[in-house]
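Following: one structure in structure tokens, then a few remarks.
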Amino acid sequence: MSIIDTDYIKEALSKATQVDNKENNSAEFIDKHKFVSRIKVKKPHIGVEFSSSSIIAGAHKIYDTIVEYIDEREADAQVFKCGSVMLTSSDVIISVQMPGKCRLFFESVKPYDVNLILDAVLNNFVPETNLLGQYIVSDLEPWFGVPSLSEHEFFKGQQRELIDKAGFIDPESITEYVAEGGYASFLRTISFSRPEDVYRVIMESGLRGRGGGGYPTYKKWKAIAETDAPVKYLICNADESDPGAFMDRALIENNPHSLLEGIAITAYANNINNVIIYIRNAYSLAVERLQKAINDAYSNGVFGFDIFYSGYNINVQMVLGAGAYVCGEETALIQSVTGNRAMPQVRPPFPVTNGYNGAPTLVHNCETLANVALIIDKGVDWYRGISPEKASTGTKLFSVCGDSVYTGVVEVPFGTVLQDMVTNILGGMSEEGKLKAVQLGGPAGGILDPDSKKIMLDYEDLRYLNGDLGSGGITLLSEDVCLIDLVKYHMSFIKSESCGKCIPCREGSRQIYRVLSEITRKPDRDDKQSTLERFKGIIQLENLAKVMQSTSLCGLGKTAATPVLSTLKWFRKEYEEHIFERSCPSGTCVGLRTYVIDIDMCTGCGACLKRCKYKAIIGSPKLPYYIVEDRCVGCGACFNVCKFSAVKVK
239 MSIIDTDYIK
249 EALSKATQVD
259 NKENNSAEFI
269 DKHKFVSRIK
279 VKKPHIGVEF
289 SSSSIIAGAH
299 KIYDTIVEYI
309 DEREADAQVF
319 KCGSVMLTSS
329 DVIISVQMPG
339 KCRLFFESVK
349 PYDVNLILDA
359 VLNNFVPETN
369 LLGQYIVSDL
379 EPWFGVPSLS
389 EHEFFKGQQR
399 ELIDKAGFID
409 PESITEYVAE
419 GGYASFLRTI
429 SFSRPEDVYR
439 VIMESGLRGR
449 GGGGYPTYKK
459 WKAIAETDAP
469 VKYLICNADE
479 SDPGAFMDRA
489 LIENNPHSLL
499 EGIAITAYAN
509 NINNVIIYIR
519 NAYSLAVERL
529 QKAINDAYSN
539 GVFGFDIFYS
549 GYNINVQMVL
559 GAGAYVCGEE
569 TALIQSVTGN
579 RAMPQVRPPF
589 PVTNGYNGAP
599 TLVHNCETLA
609 NVALIIDKGV
619 DWYRGISPEK
629 ASTGTKLFSV
639 CGDSVYTGVV
649 EVPFGTVLQD
659 MVTNILGGMS
669 EEGKLKAVQL
679 GGPAGGILDP
689 DSKKIMLDYE
699 DLRYLNGDLG
709 SGGITLLSED
719 VCLIDLVKYH
729 MSFIKSESCG
739 KCIPCREGSR
749 QIYRVLSEIT
759 RKPDRDDKQS
769 TLERFKGIIQ
779 LENLAKVMQS
789 TSLCGLGKTA
799 ATPVLSTLKW
809 FRKEYEEHIF
819 ERSCPSGTCV
829 GLRTYVIDID
839 MCTGCGACLK
849 RCKYKAIIGS
859 PKLPYYIVED
869 RCVGCGACFN
879 VCKFSAVKVK
């Protein structure tokens, strides 16, 4: 639990609202700021990153081991919990800040590494074991021969704006956030700017919603401003239901106050006093840290009544959801917030005119709101200058998983070429695997061929390629992945997550899943009717996907078939191999596997013959057996029963 320096917070926030900030440059205040933000320390500070991924990797055990180390040696050092630098493939990461020296970072730390690392660093020696790099600060002495963290392959190609503090401050400390300039933009906004001034800044910035559709933010703001209602609501969608996407969760876990500041500025700009943050209950660490951040904001006068004598009031509360993919749709989310079943509603009316409790409601996701605070802090010209001229403005967070060397949360400008990200930031494919495909946007996103052209990470470019940026999940797929099996998995997910309200989504997802299930297994040899139905389904697969895309009620149904359409466009050959050759090139589809018996290893025990229900194995006892391929349905019973490894997968 972090200690709140209330006096420092009051002093820092008071200076932020002063027109003449010359007092901020006083030597005493600057020196205090450096100690609060850990730029200066009087004794060694040892940070252990705590995030969902690092906890799974053993962060608690690392923390306890460091505490034991300090107690046993009676070392004059302090251990603290910090956020993650979001390089999840290197969890657990710890940092050591020595007095007067730059902070050192160590990766993939295990309990048995702790003694070696601390014995060395506390004696002013840098071990090569687990060394990730050092964070260079101008006021501190760098370690000789230690590479800068900013030069590491994973960080070098990024432009970290939203997550630049992640891993360097305690996410549970409002004091450290304020020391880094936090809440200053919000307080200056409510003190010196009118709501229409903020609206104009956001419009000129070109900010687009980061929830998946890329809808211009100012258009939502304009629509809600035109409503004449005494009560309005702002809902922050922090549910993030896409499998493989964890940007919002990482943002909340590692810097919750940056989200709250963006929420506060957005609420003020739209004359909103009531804010609801909707987040799934399963995100236990994010929920805990966000609730503490809200409480601390209230305790220090950042939220509440008549904030800093500005006359502006804001009430922020958190609502926990059970977790449903359909809650990515605004009207379904609002239904869930009110306690009803999450089901999309017919639009119009839109939430900006008739939303929560029938009042105008503005819905944004976490990344969009965090960008608002960033734009107000650094200005329109800076923000528009981040990305190439024809691309969307600003940066985008991507959660990257799959078969690359590095995985985690990456922040790059819009317009970045995907292949450049894979090569220069993610370190290429692991274990010399070749990149076969890239999935963007979760289960309702496109699966694209990376060699088709230079894919730019931007809304329009991906739509042209029959893909979708979605909320920002990226999965890199190597050649040993069966894309048909992957699409089938996603359709199974969509089928189970569909609310069932409209027929195209409910029945279309079931039918596509059935067709994909049929082509990933061998048809029954004697069932001619089943074979005929199978081919009919395959012929209609693309038409069925397009019907879902054009007639479904909400965005879930409209994008659900995107993986099907994109793979049919870029990987049709793989469909043909499954359908006509009845083979899976990667060997993933068990139902299409072809088994053979190695005659040199077969002892003729007959175990496989007894287990085969389809009479596909012939031979004589004590002599090698054979599998008749035309009769084999690929059930794998012979493979499982053979004790001599004589049955092979062809």
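Note that my numbering has the sequence shown beginning at 239, numbered continuously upward.
We treat Cβ as the ideally placed atom computed from N, Cα and C, and that holds for glycine.
Note that the structure is predicted; figures quoted are calculated from it, not measured.
For residue i, which option in the options has the closest C-alpha, if you only look at C-alpha atoms?
i              : options                           : result
tyrosine 471   : Pro481, Lys458 and Glu478         : Lys458
isoleucine 545 : Ala884, Pro862, Ser252 and Gly874 : Ser252
aspartate 466  : Asn592, Glu735 and Lys299         : Asn592
isoleucine 835 : Lys888, Lys807, Lys860 and Gln787 : Lys888
glutamate 889  : Gly338, Glu345, Glu418 and Thr413 : With the chain covering only 239 through 888, there is no way to say anything about residue 889.
asparagine 553 : Lys348, Val469, Gly444 and Ser328 : Val469
alanine 580    : Phe588, Val610 and Leu571         : Leu571
histidine 602  : Val647, Ser730, Tyr547 and Tyr516 : Tyr516
alanine 798    : Ser443, Pro742 and Lys692         : Pro742
serine 709     : Lys692, Leu678, Ile693 and Val719 : Leu678
methionine 441 : Ile277, Ile473, Lys281 and Arg622 : Arg622
asparagine 551 : Ser376, Pro385 and Ile510         : Ile510
For residue i, count neighbouring Cβ atoms within 10 angstroms of its own Cβ and tell me buried if that reaches 16, exposed if not.
i                 : result
methionine 324    : buried
methionine 336    : buried
aspartate 309     : exposed
alanine 463       : buried
threonine 645     : buried
isoleucine 490    : buried
glycine 420       : buried
arginine 446      : buried
lysine 403        : buried
glycine 449       : buried
lysine 726        : buried
phenylalanine 882 : exposed
alanine 560       : exposed
glycine 577       : exposed
aspartate 838     : exposed
tyrosine 456      : buried
lysine 348        : exposed
valine 584        : exposed
lysine 260        : Bear in mind that the predicted position of lysine 260 carries a pLDDT of just 49, short of 50, making it unreliable; the figure below should be weighed with that in mind. When all chains shown are included, lysine 260 counts as exposed.
alanine 254       : buried
asparagine 208    : Nothing about residue 208 can be read from this structure; the chain reaches only from 239 to 888.
serine 734        : exposed
Is residue i helix, strand or coil when you go by DSSP?
i              : result
glycine 539    : coil
methionine 336 : coil
cysteine 846   : helix
serine 275     : coil
leucine 715    : strand
serine 824     : coil
proline 651    : strand
glutamate 745  : helix
lysine 853     : coil
serine 630     : coil
tyrosine 833   : strand
leucine 378    : coil
glutamate 287  : strand
glutamate 261  : Caution is warranted here: a pLDDT of 48 is assigned to glutamate 261, below 50, making its placement in the model unreliable, and no coordinate value can be reported.
asparagine 353 : helix
methionine 324 : coil
aspartate 725  : What sits at residue 725 in the sequence shown is valine, not aspartate. Of the three classes helix, strand and coil, the one that applies to valine 725 here is helix, per DSSP.
Rounded C-beta distance between residue i and residue j? I'm assuming under 8 Å.
i              : j                 : result
cysteine 880   : alanine 854       : At roughly 14 Å, the Cβ-Cβ gap does not stay under 8 Å, so cysteine 880 and alanine 854 are not in contact.
alanine 682    : threonine 832     : Not confirmed; about 33 Å, so no contact.
glutamate 812  : isoleucine 722    : 6 Å
cysteine 870   : arginine 849      : At roughly 13 Å, the Cβ-Cβ gap does not stay under 8 Å, so cysteine 870 and arginine 849 are not in contact.
aspartate 641  : leucine 528       : That belief does not hold up - the Cβ atoms of aspartate 641 and leucine 528 are roughly 32 Å apart, past 8 Å.
cysteine 739   : leucine 791       : Residue identity differs from the one stated: residue 739 is lysine in this sequence, not cysteine. Correct: roughly 6 Å between the Cβ atoms.
glycine 680    : glycine 711       : 5 Å
tyrosine 246   : valine 274        : 6 Å
isoleucine 331 : phenylalanine 318 : Incorrect: roughly 14 Å between the Cβ atoms, too far for contact.
isoleucine 374 : cysteine 340      : 6 Å
isoleucine 613 : valine 439        : 6 Å
glutamine 397  : glutamate 627     : About 16 Å; that fails the 8 Å criterion.
isoleucine 412 : histidine 495     : 6 Å
When you compare the CB of residue i with every CB in chain C, is at least one pair closer than 8 Å?
i           : result
glycine 640 : Among the protein chains of the structure shown there is no chain C, as only one such chain exists.
Alpha helix (DSSP H) runs contained entirely in the stretch 780-811, provided each spans 4 or more residues: The DSSP assignment places complete alpha helix (DSSP H) segments of no fewer than 4 residues inside the stretch 780-811 at 793-798 and 800-808, in order along the chain.
Every unbroken beta strand (DSSP E) within the stretch 570-633, with a cutoff of 3 residues, ordered by chain: Whole beta strand (DSSP E) segments, 3+ residues: 599-603.
In chain order, which continuous runs of the alpha helix (DSSP H) of length 4 or greater are located wholly inside the stretch 422-452? Runs of the alpha helix (DSSP H) inside the stretch 422-452: 422-430 and 433-443.
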